[in-house]
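Numbering (the working numbering), first residue to last: 688 to 854. We treat Cβ as the ideally placed atom computed from N, Cα and C, and that holds for glycine. Just so you know, these numbers come straight off a predicted model, no measurement behind them.
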């Protein structure tokens with residue numbers, strides 16, 4: 688077997704947009720083909736590429752839905768930055784009263800920073816971006832119709848994907 692078809696777990700993680708540990712878990716569960724080189728795992732490039740291709744559609748775990756919702760909020764941010772930031776900061780203040788999370792502090796830093804960095808974070812599909820979006824301060828900015836439209840598109844996308852659960 689040629690080593691040019693093998694990649695490090697870190698590279699596989701980068702291509703998949705997940706953590707290195709998640710790649711290890713995928714290897715150990717048989718979802719990614721790999722070989723051991725000494726104590727290290729080397730993942731089959733073709734196996735990673737197949738998983739990337741499979742995941743290009745709507746993901747059934749809610750990450751695509753969250754990304755779509757945040758994309759709508761980015762549009763609102765571009766047209767009325769003051770209002771969006773004000774609502775987000777108010778939501779963070781309420782959250783601060785209940786618990787002091789590192790994600791709350793990260794959102795505070797982002798809201799006080801440059802808009803392009805905030806937008807990049809809101810649209811970041813990486814595992815870090817996904818985790819941060821799961822603690823979003825932007826609740827209350829989308830109308831019921833906007834939420835319903837995204838939910839309907841999300842359900843349709845999941846049903847159209849092989850193995851989608853229609854969630």
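In the three-state DSSP reduction, residue 721 falls in the strand class (E or B).
Every alpha helix (DSSP H) of 4 residues or more that sits fully in the stretch 756-790 is shown, in chain order, as 768-785. With at least 16 other beta carbons inside 10 angstroms of its own, residue 819 counts as buried.
DSSP, read as helix, strand or coil, puts residue 705 in coil. Minimum Cα-Cα distance from residue 810 among the listed residues 727, 764, 699 and 700 corresponds to 764. Where residue 693 is concerned, the enclosing beta strand (DSSP E) starts and stops at 693-695. Under the Cβ criterion (8 angstroms, minimum of three pairs), the stretch 822-829 counts as touching the stretch 774-782.
The beta carbon of residue 704 sits closer than 7 angstroms to those of 812, 813 and 814, all from its chain and outside the five residues before and after it, given in chain order. The alpha-carbon separation between residue 710 and residue 831 amounts to approximately 37 angstroms. The C-beta distance from residue 717 to residue 707 rounds to 18 angstroms, too long to fall under 8 angstroms, and the pair is not in contact.
DSSP lists 693 as the beta-bridge partner residues of residue 731.
Boundaries of the alpha helix (DSSP H) harbouring residue 807: 802-809, taken from the DSSP string.
The C-beta distance from residue 833 to residue 713 rounds to 34 angstroms, too long to fall under 8 angstroms, and the pair is not in contact.
Around the beta-carbon of residue 800, fewer than 16 other beta-carbon atoms lie within 10 Å, marking it exposed. Membership of residue 817 in the alpha helix (DSSP H) is indicated by the continuous run 814-820.
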